[in-house]
Amino acid sequence: MKKILLFALAIGLISCSKEELDLNETEFNELNAIVETYGCAGPDDSKTVTPQFVNENLYTAARIKRFYLDLLANDVSRNGTFNPTISEIATAYLDNPLGDFTTTYTVNDDICQDSVNLTLTVAEPVEDVCNANAGSDQTRTITPEFIQENLYTQARINRFFLNMLDEGVSETGTFNPTVSEVINDYLNNGLGTYTTTYTVGEGDCQDSTDLTLIIAKACDVNAGSDNTITVTPQYVDSELNTDAKIDRFFLNLLDEGISETGSFSPSIQSIKEQYIMNGNGTYTTTYTVGEGSCQDSAELTLIVEDACTINAGADKYVTVTNAFVKSNLYTAARIKRFYLNLLDAGVSKEGTFDPTISQIASSYLENNIGEFTTIYTVGSGDCQDTVDLTINIVE
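Using the numbering used here, you'd call the opening residue of the sequence shown number 6 and step up by one each time.
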């Protein structure tokens with residue numbers, strides 16, 4: 006029965022038309038043409054890595070070998086040979102760590118005889134360089150009058166914003182909100198702060214900056230210049246003995262015409278309490294006029310210190326002969342005593358000379374005819390006084 010069935014099947018196949026048989030052969034040939042055939046070692050393969058990857062992952066011969074074997078197709082034998090060897094590849098890498106490191110992997114056993122090229126490419130990473138730069142944030146303050154006179158078209162406003170950009174920033178970016186939207190906001194809300202974000206670049210390479218327009222009335226507030234006054238404790242006790250007098254004293258330190266409706270920081274009361282606690286010293290308060298974004302300030306400083314009573318007297322000028330000098334001023338001590346005797350009665354003899362007595366003596370030795378002046382100073386710090394003492398030497 007089986008033989009009969011096989012025979013019938015054979016007859017059926019033979020009876021197929023010649024056209025059908027040719028079609029099948031054509032399809033088979035076309036399929037063969039598009040299938041690339043490889044040997045038993047599989048296709049060539051390569052992989053690109055960075056030097057950092059090599060240092061972190063391929064630091065032993067075993068790891069390098071495993072890397073190359075992983076490039077093989079799954080069904081290829083792992084018992085083949087490498088030419089150059091893994092050791093030779095490692096040596097080549099140490100000589101020059103960048104480039105292509107290709108080895109020919111060969112399988113040669115009872116089942117397969119074939120070779121394949123495996124390549125490790127080591128290259129520095131290519132960074133995506135984004136040159137988009139919108140510059141720094143910018144703020145401008147203008148008045149409604151400035152808008153009426155200069156920004157009366159959208160084109161002018163657009164140019165105003167672009168002129169706010171740092172030098173060199175591309176002007177082909179976009180505004181968000183748009184310039185038109187900023188204009189509508191201003192028309193609806195008037196004075197205020199309006200910010201648009203300007204963006205240059207596209208996709209993953211973009212940069213933005215905030216451009217802020219503050220529209221406010223012109224600020225003509227002026228607190229005047231900083232001022233300092235020095236008084237004695239006796240003056241404080243006699244003239245600044247009430248809060249009203251102290252207030253008036255500080256207000257009188259303001260420049261002429263400055264508004265007296267401002268505020269003091271620290272307050273006058275606070276300065277009074279500090280003086281009571283600390284006595285002599287320097288006390289400064291900041292006087293501010295105006296409000297909000299339209300303000301101006303001036304520093305007012307009160308210095309309380311004891312009166313300076315130092316007095317060096319009047320300048321002195323005497324003329325002597327060269328013979329007198331040689332007979333009487335032949336030592337530094339005698340010269341110093343001569344100068345000190347020129348001082349007015351009661352002036353301290355503990356001051357200093359500039360130039361010194363030694364310098365005057367040296368000048369005399371170089372040229373013994375002429376004027377020899379020294380500045381005599383008594384006192385110290387902020388409390389001192391000076392006097393000019395001159396000896397005119399003639400023949």
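All C-beta atoms, glycine included, are put in the ideal place defined by N, C-alpha and C.
The structure displayed is predicted, hence computed values, not measured ones.
Output the boundary residues of the beta strand (DSSP E) element that contains residue i.
i           : result
residue 188 : Taken as a continuous stretch (DSSP letters only), residue 188 belongs to no beta strand (DSSP E), being part of the alpha helix (DSSP H) at 184 to 194.
residue 291 : 286 to 296
residue 125 : 118 to 127
residue 49  : Unbroken run through residue 49: none, as it is neither H nor E.
residue 303 : 299 to 309
residue 376 : 375 to 385
residue 104 : 104 to 113
residue 357 : 357 to 359
residue 179 : 179 to 181
residue 88  : 86 to 88
Out of the options, point me to the one whose CA is closest to residue i's CA.
i           : options            : result
residue 430 : 105, 255, 286      : No statement about residue 430 is possible, as the shown extent of the chain runs from 6 to 400 and does not include it.
residue 381 : 360, 198, 109, 176 : 360
residue 329 : 100, 397, 309      : 397
residue 124 : 104, 116, 112      : 104
residue 252 : 349, 322, 266      : 266
residue 58  : 94, 128, 363       : 128
residue 134 : 43, 211, 303       : 211
residue 132 : 55, 112, 69        : 55
residue 410 : 155, 170, 48       : Residue coverage of the chain in this structure runs from 6 to 400, which leaves residue 410 outside it and unanswerable.
residue 156 : 228, 136, 183, 188 : 188
residue 107 : 51, 224, 183, 64   : 51
residue 344 : 151, 351, 159, 378 : 378
residue 84  : 151, 111, 244      : 111
residue 3   : 303, 284, 283      : What is shown of the chain runs 6 to 400, which leaves residue 3 out entirely.
residue 401 : 224, 220, 163      : The shown model of the chain, from 6 to 400, leaves out residue 401, and the question about it has no answer.
residue 80  : 45, 138, 168       : 45
residue 399 : 331, 82, 72        : 331
residue 320 : 336, 340, 350      : 350
residue 283 : 247, 263, 238      : 238
residue 273 : 248, 200, 262      : 248
residue 60  : 102, 48, 90        : 102
residue 385 : 196, 356, 165, 340 : 356
residue 338 : 363, 317, 53, 150  : 363
residue 53  : 130, 82, 71        : 130
Assuming residue i contacts residue j (C-beta within less than 8 Å), just tell me the rounded distance between them.
i           : j           : result
residue 226 : residue 174 : So it is not a contact: roughly 34 Å between Cβ atoms.
residue 347 : residue 394 : 5 Å
residue 148 : residue 250 : With a Cβ gap of about 41 Å, residue 148 and residue 250 do not count as contacting.
residue 392 : residue 353 : 11 Å between Cβ atoms; not a contact.
residue 234 : residue 258 : 6 Å
residue 390 : residue 315 : 5 Å
residue 269 : residue 255 : 7 Å
residue 387 : residue 313 : 7 Å
residue 290 : residue 305 : 5 Å
residue 92  : residue 66  : 6 Å
residue 116 : residue 94  : Not quite, the Cβ-Cβ distance comes to about 27 Å (not below 8 Å), so this is no contact.
residue 260 : residue 230 : 6 Å
residue 218 : residue 145 : 6 Å
residue 220 : residue 152 : 7 Å
How far does the alpha helix (DSSP H) with residue i in it reach, from first residue to last?
i           : result
residue 340 : 337 to 345
residue 60  : 56 to 62
residue 283 : 273 to 283
residue 70  : 66 to 74
residue 366 : 362 to 371
residue 331 : 327 to 333
residue 400 : Counting along the chain, residue 400 falls outside any alpha helix (DSSP H), and DSSP gives it neither H nor E.
residue 100 : 91 to 100
Measuring from the CB of residue i, is there a heavy atom of the ligand MN at a distance below 7 Å?
i           : result
residue 375 : The ligand MN is not part of this structure, which contains no ligands at all.
* Contact the segment 207 to 220 vs the segment 276 to 284: 3+ CB pairs below 8 Å -> no
* Validate contact between the segment 299 to 309 and the segment 373 to 383 using beta carbons, cut 8 Å, 3 pairs -> no
* Let me know the alpha helix (DSSP H) ranges lying completely inside the segment 195 to 271, each 4 residues or longer, listed in chain order. => 238 to 244, 248 to 256
* Asked: Counting only runs that start and end within the segment 128 to 176, where is the alpha helix (DSSP H) found for 4 or more residues in a row?
  -> 149 to 155, 159 to 168
* To do: Could you tell me whether the segment 108 to 125 touches the segment 65 to 79, where touching means 3 or more Cβ pairs closer than 8 Å?
  => yes
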